[in-house]
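Colleague:
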Amino acid sequence: MGKNLIEVKGLKTYFYTKKGVIKAVDGVDFAIQSGKTLGIVGESGCGKSITSMSIMGLVPAPHGKIEGGEIFFEDRDLLKLSEEEMRKIRGNDISMIFQEPMTSLNPVFTIGDQITEVLILHQKLDKAQATKKAMDMLTLVGIARAEKIVKEYPHQLSGGMRQRVMIAMALSCMPKLLIADEPTTALDVTIQAQILELMNGLKERLDTAIMLITHDLGVIAEMADHVVVMYAGKVVEDASVEELFENPKHPYTLGLLNSKPNMSVEKDRLENIPGVVPNPIQLPEGCYFHPRCKYATDKCRQAQPELKEYTSGHKVSCFMVHKEV
Amino acid sequence: MSTPVLEVKNLKKYFPIQSGFLKTRQGDVKAVDDISFTIQEGQTLGLVGESGCGKTTAGRTILRLTDATDGQVLYKGKDVFKASKKEMMELRQQMQIVFQDPYSSLNPRMTIGEIIGEALVEHKLYKKGSELTDRVTEILELCGMARYHINRYPHEFSGGQRQRIGIARALALNPSFIVGDEPVSALDVSIQAQVINLMKDLQQKLGLSYLFISHDLSVVKHISDRVGVMYLGSLVELADKKDLYDTPKHPYTQALLSAIPVPDPKKKTKRIILQGDIPSAANPPSGCKFHTRCPYAKEICKAEVPVFKNMGSNHFVACHLVDQF
Amino acid sequence: MKIEIKKPTLSALQEDKEAVIGPWKMIWIRLRENKMALTGLIIMGVIIFISVFAPFLTPYDPYQYDFGITFQAPSMKHWLGTDEMGRDYLTRILYGGRISMQVGLFSVTVAIGLGALIGGISGYYGGWIDNILMRVGEVISSLPFMPFAITISAVLGARVKEEHKLYLIMIIIGTLSWPGLARLIRGQILSLREQEFMQAATALGISDRKKIVKHLLPNTYGYLIVNATLGMAGAIMSESALSFLGLGVAPPVPTWGNLILYARDMYTLMYRPWLWVPPGICIFLAVLSINLIGDALRDAVDPKSNR
Amino acid sequence: MLKYICRRLLHMIPVVIIMSICIFGIMKMAPGDGVGYNLSPKATPEQKVAERKRLGYDRPVYEQYLRWVGRTVQGDLGDSSIYKQPVSRIIRPFIWNSFKLNVVCFLFSYLISIPLGIICAVKQYSKWDNFWSVFSTFGISMPGFFFALLLIYLFSVKIPLFPINGMQTPGLNASGMTAALDQLNHMVLPAIVIVIGGLAGLLRYTRTSMLEVIKQDYIRTARSKGLKEKVVIYKHAFRNALIPIITMIGFEIPALFSGFVILETIFLWPGIGKILMDAIYRRDYNLVMALNLFFATLTLLGNLLADIGYAAVDPRIKVE
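Listed in order, the protein sequences are those of chains R, C, Z and B.
Counting along the first sequence from 1, when you hit position 244 you're at 244 in our numbering, and nothing is skipped either side.
Counting along the second sequence from 1, when you hit position 22 you're at 1022 in our numbering, and nothing is skipped either side.
Counting along the third sequence from 1, when you hit position 7 you're at 2007 in our numbering, and nothing is skipped either side.
Counting along the fourth sequence from 1, when you hit position 79 you're at 3079 in our numbering, and nothing is skipped either side.
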């Protein structure tokens, strides 16, 4: 076991809206080791993106607020840092790529401007050095004709190319952690394959830890070393990737795995999870998953299960799994 | 083999590119460029391809939602494009469509009852009144919704429910053929499974035939009997599901299949990564449109358009080099 | 133990107790929650009330002159004094409100009617019709509004009877302000036409007429109302400005705009503020309340907040 | 870029043609035959016919139109009946007077409203933002002429700080600095009216477009790079918000001139707005036509400038 690069403990991020409080992230724990990839899986609204924004210190104010918890990054609690200190970490030690490559780049600046901006800011390079480095980075992410691309604007590039640019930009300061929020969801399958291969290759070369957020279990299996499954703002299962796919324990994880048609196993019907994701303002009593869980008992309706170790390195948050019913 | 419900012969749909002061025609986007296939009664044909390959346009042209440039579509032997206004009204009862976007596909100013019942009144099958309400209720219940939903508006429903309403609307006229235009792509995985199961159940109960358009190969595999693969407006391969997925013959299909991330960390197979981006449909490559990205491309591929030929047991492939694989 | 949930509509069941909220009701609820809009609605309500019930609120006739009591200062008998012909000034303001609001309303109706019709035709049919209509709109919106309105009013005004000038003003304001609206409606229809529910309507064999009446138009009402509201504010302003220049509605018919005309007399401007400040405040309040309502409506009908 | 400008100019040709027809048509509808002013009132019918013939009014309308266009293109706008001089010569000083007032106000309202709008957007819902929101709603609801009258009443009549109207103190025979200051003093009140009116609208506009931009994904990207909030707002967001603002500016230039008509009349500022009113009251149709032509040209120029500014800020425009 390596050392933890980042450790999130009891993170709570709430949003205060007119209709009530949304507990977008409600007590989340996980850790990522240097150079490893952690996959965070969950459906829309489970709080996975807000978790990443909390780590970056970019929870949209004034509605959103981090209400509790600690985020240790190299032994420093990010939540206790000043905005000034946090800014030195953003884009430098921790950087991020987003789901929508088409809208994540500023349309009125050239690709070169946007990459060199980070380098000039964090690495204190001058314009010429930064431009050279930017071109190196573009070459690294597999963009030929880098010297031409730096002078182009985002609208002149395809979606796949833009995501490569985003990656080049995010990696240009050699961050220790790269947060990738659904990096391939908006891309076509063949382009997705390109980007995933690129990310895997770069991870090995640069020794960057990756926090990969996705709803696609296939991508997780492909990329991650360790997996965290989230549901309604909570972690429901936490295991190594092999363990999770071989021995999924939480009914939600099971449901997720079974509801995706499998290419290798022919099934007549998909096993689905009935119902819908609960309204974040009126979360059900007890275990948040119980209204959709076919094993739910009275206890599940009343008390909230804790995330506890099931076997070594495999944590589950379910009464049934821990035989506490 | 039963009788074909739908025969598509050499279907073409070109969109003119206009520009300049006088809106002169500068060329064509060949969105659908000469595709042919048939769908048997009670069966599902899956149409897969990446964005911009023309699969959506194909679906809409078949239903005559836009006028075709050339070609023929026969519904149970009747030429759809040559049908008179009156004949078309009858055909509309037989052929329906379910859309991708659960938000824009329902008119926000109409109640669910109006959305589903509208066509029944228009086709003079029912008069407004309790009988109509009963029929609408029946359809709603068939799709897993309830009677009290009738007076509600679309904005009150979740994505999955909206998609059910979309299906209910399509079923109202009792059609026998339905085009599903990415009907589950906008949904979360667990909701996707619900809608796919619903579509399969309805197919069995009502003997429907589907043209299922999707970019998700695993979903298509699950629901289809036969699968066609499109690239830049053309079909490159068309075969029974098992043949296509087990022994893909076109290099594009092979790459596409190998590009899908498999939700099994142990199966990290070596994948074929296609280089480059999908070319623009406004300016497609000469010869075989795939040659710019094909790992096996030869001189002939740049010069000649490959024939879409039957390789036995109705397995069609458009590739010069197919015999070498 | 196992609990099977048969239908995936549980959360919908829970919501069942709530009343059905239609799109219009939702707009109304959002409007009611907005304090600014509420203020606007109240001011507007008062203005409409006094305009409609003017005859019952004052014992005087706005046209009844009495040269014995010209230019009196405000008193208990004449709250805002009298004008140069001895007419009760408050009465003239009350009746002036009627005319100003009418002109505003009719001008907007003309503008909306033309804009919706032309924008609708342009958007729905496209092609060369669209090209020509939009070019014409472009020309009209390139005409500088005030100088043109003044010129037309002066040129045509000389050919029109004084009592018909009212209608001339309405038509001038209306015809000069439709293009912006037409462009908006056109854009709206173009984007609606591509919406999947329009495709669905085609697939269901819904007739063209019904597609327009039931699917297209209801989805543009929101925008129309917002623009009608904001347009009315503009129309009231334009009318008052034209009348102030003596090129709008001509006395003796009172409007808020031509009542301020007294201020062009230096003596009145300096020593009889009650003869020009009250109508000015009336215009300001009317326009303000309409703007407040319009702004709130714009937020309330925004389809993005529907999701 | 040059090609783009040429294309925009080409695009303007039909607009100019239709516009000139409109102007000509309106003037043709004017009462009277426009012959009067060159002749003495006692002119015989024969003299009138001769004069009509000399002016070409006996020709078919389209021919008159073409002749008018021909003359206009050559810079001949006819004679003014008030001033008995060629229109093209007399309007020049008036344009200059309007321009002086306009440029000052224009720069002022922009310099104030754009930064204010940005701050309001950044501090959305703060007290500061609320104050300016209310201010701008009041500002756009206030009829300019009424506001002008109020200012005159308050600051010229009640507290005599500024002159009531005019462009210079009558009888003041000064030059240089004194004259300039005198003129500046006369400009204060009209300038306040215009600046506040323009500011209200523009502030709102800047705020809205800034708010729209701040929501975009690329702003999140900029923040995630660790950029200072100032850089995020003033570099990344503002550059994008500028695109709609420039369009607005294009429309605003002629609108400011338009608003002048009323204000110049109230303040007796000898600019083109005021002489338009004089010309209208005294039926000097050649002058009216020329001024309308000037306003229209200005509008088109404003649109063209906006298009160019647009292309300069938004790299996406050029490739289209």
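Positions of the beta carbon are idealized from the N, C-alpha and C atoms, including for glycine.
Owing to the predicted nature of the structure, the values given are computational and were not obtained by experimental measurement.
Mapping the DSSP letters down to three states, classify R:H155 as helix, strand or coil.
Modeller: Helix at R:H155.
Colleague: Among the residues of its own chain, which have a CB less than 8 Å from the CB of C:N1151, if the five just before and after it don't count?
Modeller: Correct list, in chain order: T1111, I1112 and G1113.
Colleague: By the 10 Å Cβ neighbour count, where 16 or more other Cβ atoms means buried, how is C:V1179 classified, buried or exposed?
Modeller: By the neighbour-count rule (16 or more Cβ atoms within 10 Å), C:V1179 is buried.
Colleague: Chain C partners of R:E43, CB-CB under 7 Å?
Modeller: Those within 7 Å of R:E43 in chain C are D1188, V1189 and S1190.
Colleague: Hey, how far is the Cα of Z:A2116 from the Cα of R:A61?
Modeller: Between Z:A2116 and R:A61, the C-alpha separation is close to 41 Å.
Colleague: Comparing C-alpha positions only, which one of C:K1128, C:H1123 and C:N1107 sits nearest to C:F1157?
Modeller: Ranking C:K1128, C:H1123 and C:N1107 by Cα distance to C:F1157 puts C:N1107 first.
Colleague: Mind checking whether C:K1173 and C:A1119 have CB atoms under 8 Å apart?
Modeller: One detail in the question is off: residue 1173 of chain C reads as Leu in this sequence, not Lys. Yes. Within cutoff.
Colleague: If the cut is a Cβ gap below 8 Å, which residues of chain B does Z:G2280 touch?
Modeller: Here the neighbours are P3143, F3146, L3149 and L3150.
Colleague: So Z:A2300 contacts chain B; which residues on that side make the cut at Cβ distance below 9 Å?
Modeller: Under the 9 Å cutoff, chain B gives no residues; its nearest Cβ is about 16 Å from Z:A2300.
Colleague: With B:L3199 and B:S3141 assumed to form a contact (beta carbons below 8 Å), what rounded beta-carbon distance in angstroms separates them?
Modeller: In fact, because the Cβ distance is near 14 Å, the residues do not count as touching under 8 Å.
Colleague: Quick check on Z:E2084: does DSSP put it in helix, strand or coil?
Modeller: It is coil, neither helix nor strand.
Colleague: So, are the CB atoms of C:L1257 and C:P1263 less than 8 Å apart?
Modeller: Cβ atoms of C:L1257 and C:P1263: not closer than 8 Å.
Colleague: What are the uninterrupted segments assigned as alpha helix (DSSP H) that are 4 or more residues long and contained completely in the stretch 1185 to 1225 of chain C, given in chain order?
Modeller: Listed in chain order, they are 1189 to 1206 and 1217 to 1223.
Colleague: B:L3203 and B:S3126 - do their beta-carbons sit closer together than 8 Å?
Modeller: Not closer than 8 Å, so no.
Colleague: What are the start and end residues of each continuous alpha helix (DSSP H) run of 4 or more residues lying completely inside the stretch 153 to 211 of chain R, in chain order?
Modeller: 159 to 171 and 189 to 206, all fully within the stretch 153 to 211 of chain R.
Colleague: Touch check for the stretch 3058 to 3069 of chain B and the stretch 3267 to 3280 of chain B: three-plus C-beta pairs under 8 Å?
Modeller: Touching, no.
Colleague: So, are the CB atoms of Z:G2137 and Z:R2193 less than 8 Å apart?
Modeller: Cβ distance not < 8 Å, so Z:G2137 and Z:R2193 don't count as in contact.
Colleague: Identify which residue in R:A209, R:T51, R:E152 and R:E285 has its Cα closest to the Cα of R:A170.
Modeller: The shortest Cα separation from R:A170 among R:A209, R:T51, R:E152 and R:E285 belongs to R:A209.
Colleague: Please report the distance separating the alpha-carbon of R:L11 from that of R:T311.
Modeller: Their Cα atoms are separated by approximately 24 Å.
Colleague: Please look up how many angstroms separate the CB atoms of R:I115 and R:A134, rounded, as I've assumed it's under 8 Å.
Modeller: That belief holds up - the Cβ atoms of R:I115 and R:A134 are roughly 4 Å apart, short of 8 Å.
Colleague: I'd like the list of long-range same chain contacts for C:G1144, defined as Cβ closer than 7 Å, with 5 residues on each side in sequence excluded.
Modeller: Once the five neighbours on either side are set aside, the close Cβ partners of C:G1144 are R1164 and L1198.
Colleague: Identify whether C:M1327 lies in helix, strand or coil by the three-state DSSP scheme.
Modeller: Coverage of chain C is limited to positions 1001 through 1325, which leaves residue 1327 of chain C absent and any answer about it impossible.
Colleague: Just checking: is the beta-carbon of C:I1273 within a distance shorter than 8 Å of some beta-carbon in chain R?
Modeller: Closer than 8 Å: yes.
Colleague: Quick check: B:S3224 and R:S95, are their CB atoms within less than 8 Å of each other?
Modeller: Yes, the Cβ-Cβ distance between B:S3224 and R:S95 is below 8 Å.
Colleague: Does the beta carbon of C:I1165 come closer than 8 Å to any beta carbon on chain R?
Modeller: Judged by the 8 Å Cβ criterion, C:I1165 is not in contact with chain R.
Colleague: Three-state secondary structure (DSSP) at R:T13?
Modeller: Reduced to three states, the DSSP call for R:T13 is strand.
Colleague: At least one CB of chain Z closer than 8 Å to the CB of B:I3018: is that the case?
Modeller: It does: the Cβ of B:I3018 has a partner Cβ on chain Z nearer than 8 Å.
Colleague: Can you find a CB in chain Z that lies within less than 8 Å of the CB of B:T2955?
Modeller: Beyond the ends of chain B as shown, which are 3001 and 3320, falls residue 2955 of chain B; an answer cannot be given.
Colleague: Helix, strand or coil for Z:L2010? Go by DSSP, reduced to three states.
Modeller: Residue placement at Z:L2010 is poorly supported in this model, since its pLDDT is 38, which falls under 50; the coordinates still yield a value, given next. It is helical.
Colleague: At what residues does the beta strand (DSSP E) containing C:T1044 begin and finish?
Modeller: First-last of the beta strand (DSSP E) with C:T1044: T1044 to V1048.
Colleague: For the alpha helix (DSSP H) containing R:V241, name the first residue and the last one.
Modeller: First-last of the alpha helix (DSSP H) with R:V241: V241 to E246.
Colleague: Could you work out which residues of chain R lie near C:N1197, taking near to mean beta carbons separated by less than 8 Å?
Modeller: The contacting residues are R269, L270 and N272.
Colleague: On a Cα-Cα basis, can you pick out the residue from C:K1086, C:E1090, C:I1035 and C:I1273 that is closest to C:V1073?
Modeller: Among C:K1086, C:E1090, C:I1035 and C:I1273, the Cα nearest to that of C:V1073 belongs to C:I1035.
Colleague: Could you confirm whether any beta carbon from chain B is found closer than 8 Å to the beta carbon of R:Y153?
Modeller: Interface residue, yes.
Colleague: Can you give the Cα-Cα distance for B:E3252 and C:E1087, rounded to whole angstroms?
Modeller: About 56 Å.
Colleague: Let me know if Z:E2239 comes out buried or exposed under the rule of 16 or more other beta-carbons within 10 Å of its beta-carbon.
Modeller: Z:E2239 is buried by the Cβ-count criterion.
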